[in-house]
Amino acid sequence: MILGSVFVVGLVLGMIVQPSRFCVFGAMTDWFGQRRSERALMVLAAVAVFGLVNLAGYRHGVEYPGALFLAGGVVQAVGYALGRGCPLTLLVRLGEGSRFHLAVFVGFLAGVGLYTGLLARPVEAVLGPLAWTGAQTLGALLR
Amino acid sequence: MVGLEVPFGIFPGGFPVAAAAAAAGRLSPGLRVMLVFGLGVVVGAAASAWRAGELIWRGRLPARELFRGLAGGAVMAVGGWVARGCLNKHGLSGTPGLMLSSWITIAGIAATAWFLARPGRRGAR
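Protein chains in written order, with numbering that gives the first Met the number 0: chain S, 0 to 142; chain W, 0 to 124.
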């Protein structure tokens with residue numbers, strides 16, 4: 000059963016991430032702020048593992064590089080700094096019982112509603128066209 | 000309204016939306032996967048924290064913290080939606096997949112993280 004195995008994967012992930020304090024954003028701030036690399040190494044390990052998924056033939060959706068991704072990245076990061084963590088951290092802290100992260104969760108829903116209901120059209124209209132359709136992946140770029 | 004197919008893949012970023020969709024009774028198969036995955040993470044983390052004695056439900060949440068949390072959640076949601084994925088999706092799936100869109104997103108996140116966390120700046124976390 001797919002849902003059952005997905006649940007178990009999440010379970011294991013939660014049990015591993017909670018004590019190890021794995022967080023991609025935390026890895027960045029630890030490094031930039033204090034030159035600490037423990038989390039960065041964990042991230043590299045995770046990236047390597049996920050790289051195997053790609054070798055196994057996983058296909059990504061269609062995504063041409065463009066301004067949307069850069070802007071989205073910057074805005075997300077501000078959100079992660081304010082919200083004290085990336086979405087995975089959010090889930091883990093919710094499991095620990097953090098009321099702050101409950102607020103983040105509610106804010107997340109409000110943000111989705113606000114964006115899809117109001118901001119999406121103008122943002123997509125302005126930034127969407129600022130994309131480059133030459134290549135999606137590094138492989139295509141080098142070819 | 001821009002289509003509600005959540006652009007977060009199976010990664011945690013989609014969990015809040017899946018939870019809201021479930022509450023509204025409109026759970027698509029894709030969202031259901033995200034919901035179940037997210038619940039697994041929450042439960043697993045809770046179990047691990049409980050065994051380690053690290054559960055923290057007690058305590059007040061000052062208004063300033065509440066607003067910071069709400070703002071943080073809203074901003075990260077908007078950023079994630081614009082970038083068609085949260086940093087786990089781009090960093091762990093798109094980056095090893097050599098997707099330029101993911102590299103760009105991670106570059107934006109890293110630059111902002113550097114800007115906010117660089118030494119000499121009053122702590123952001």
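The C-beta atom is built at its ideal place from N, Cα and C for all residues, glycine as well.
heavy atom of the ligand SAM below 7 Å from residue i C-beta
i	result
V122 (chain S)	Among the components of this structure there are no ligands whatsoever, and the ligand SAM is therefore not found.
Below-8 Å beta-carbon distance, residue i vs any chain W residue
i	result
A76 (chain S)	yes
L89 (chain S)	yes
S97 (chain S)	yes
L118 (chain S)	yes
T136 (chain S)	yes
L69 (chain S)	yes
R38 (chain S)	no
L81 (chain S)	yes
A102 (chain S)	yes
L43 (chain S)	no
Residues near residue i by beta carbon distance below 7 Å, same chain, minus five either side
i	result
L101 (chain S)	L93
I108 (chain W)	L86
C85 (chain S)	C22, V23, F24, Y79
R35 (chain S)	D29
M0 (chain W)	Confidence at M0 (chain W) is low in this model, with a pLDDT of 26, below 50, so the placement of that residue should be treated as unreliable; the coordinate-derived value is given next. Excluding residues within five positions, none has a Cβ falling inside 7 Å.
Cutoff 6 Å; reference residue i; Cβ partners in own chain excluding five residues on either side
i	result
A119 (chain S)	none
M0 (chain S)	none
H89 (chain W)	S101, T104, I105
Chain S residues whose Cβ lies nearer than 8 Å to that of residue i
i	result
G24 (chain W)	Correct list: empty, because the minimum Cβ distance to chain S is about 16 Å.
G29 (chain W)	Those do not exist, as G29 (chain W) stays about 11 Å from chain S at its closest Cβ, beyond 8 Å.
A73 (chain W)	G78, G106, F107, A109, G110, L113
G52 (chain W)	Going along chain S, no residue has its Cβ under 8 Å from G52 (chain W), so there is no contact; the nearest lies around 11 Å.
Cβ-Cβ distance between residue i and residue j below 8 Å
i	j	result
G71 (chain W)	V103 (chain S)	yes
M41 (chain S)	A26 (chain S)	yes
A73 (chain W)	G106 (chain S)	yes
A127 (chain W)	G72 (chain S)	Because chain W in this structure spans residues 0 to 124, residue 127 (chain W) falls outside the shown range and cannot be described.
V46 (chain S)	P95 (chain W)	yes
L129 (chain S)	G65 (chain S)	yes
I55 (chain W)	G82 (chain S)	no
V35 (chain W)	F6 (chain S)	yes
Interface residues of chain S facing residue i [CB-CB closer than 7 Å]
i	result
R63 (chain W)	Ordered by position in chain S, no residue passes the 7 Å Cβ test against R63 (chain W), which lies about 11 Å from the chain.
A112 (chain W)	F24, M27, T28, F31, A76
G37 (chain W)	G9, L90
Where residue i meets chain W, residues with beta-carbon distance less than 7 Å
i	result
V122 (chain S)	V81
L129 (chain S)	Neighbours of L129 (chain S) on chain W: none; closest Cβ ~11 Å, over 7 Å.
F49 (chain S)	L91, S92, P95
Cross-chain neighbours of residue i in chain S, by beta carbon under 9 Å
i	result
A21 (chain W)	Within 9 Å Cβ-Cβ: nothing; A21 (chain W) doesn't reach chain S, min ~12 Å.
Cβ-based neighbour list, residue i, same chain, cut-off 8 Å, excluding 5 preceding and 5 following
i	result
R20 (chain S)	R38
L97 (chain W)	none
Per-residue contacts from residue i into chain W (C-beta, under 8 Å)
i	result
R35 (chain S)	Those do not exist, as R35 (chain S) stays about 11 Å from chain W at its closest Cβ, beyond 8 Å.
Contact with chain S by residue i, beta-carbon distance below 8 Å
i	result
A17 (chain W)	no
Neighbouring residues, chain W, relative to residue i (Cβ below 9 Å)
i	result
V152 (chain S)	What is shown of chain S runs 0 to 142, which leaves residue 152 (chain S) out entirely.
F6 (chain S)	V35, F36, L38, G39, V42
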